[in-house]
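Remarks on the structure that follows.
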Amino acid sequence: PDVDLFHQHIDHFTFRYGVQLFAALEDHALAAAGRYAEVRLARLTRAVDDAAQDADLDRRRKALNDLLHEQWEYTLRTSPEFASLIADKRYNDKLSDISEAAVKEQIADARKFLARFEAIKTDGFPNRRKGFARWCISC
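No gaps in the numbering here: position 114 of the sequence shown is 132 in the numbering used here, and each next residue is one more.
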């Protein structure tokens with residue numbers, strides 16, 4: 019039979035070196051994909067971690083804001099003259115209770131507020147917010 023050395027040589031090159039070349043290219047492609055996959059995974063992990071930290075930070079900010087609002091409303095309710103002084107008319111028909119029992123209750127309530135303020139971690143808060151939280155605790 020006729021032997022076409024040109025095609026035989028090409029086939030030999032293709033199967034001998036081509037497979038190795040293809041394997042090298044495939045390995046490179048997999049390595050590249052793997053590298054990018056790791057980068058994507060790392061970015062996703064960081065994004066998930068950042069989202070969790072942001073969610074935690076948002077939760078703590080909300081807890082602080084809610085507590086500040088609760089304490090403010092408590093102050094207005096238990097000091098109706100102060101509320102009237104700042105134009106909050108909801109308590110205009112009331113006077114502060116200055117009985118011994120009421121004062122003891124307000125001291126106990128102040129301790130509870132203090133414990134709740136101290137329980138809120140201020141890591142990640144802006145310095146002005148941290149300072150405000152510390153000021154609330156010191157009052």
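Even glycine gets a Cβ: it sits at the ideal position worked out from N, Cα and C.
Buried versus exposed call for residue i [16 or more other C-beta atoms within 10 Å across all chains shown]
i	result
A137	exposed
Y103	Reading off the sequence shown, one finds Leu at residue 103, where the question assumed Tyr. Flag for L103 reads exposed.
A101	buried
The alpha helix (DSSP H) enclosing residue i, as first and last residue numbers
i	result
S102	98-103
Simplified DSSP state of residue i, which is helix, strand or coil
i	result
N110	coil
As an exercise, report each continuous alpha helix (DSSP H) stretch of at least 4 residues that is fully enclosed by the region 113-143, in chain order. Given a length threshold of 4 residues, each whole run of the alpha helix (DSSP H) inside the region 113-143 is given here in chain order: 118-137.
Per the contact definition of three or more C-beta pairs closer than 8 Å, is the region 120-129 in contact with the region 74-83? As far as the Cβ criterion goes, the region 74-83 does not touch the region 120-129, which means the pair count is below three.
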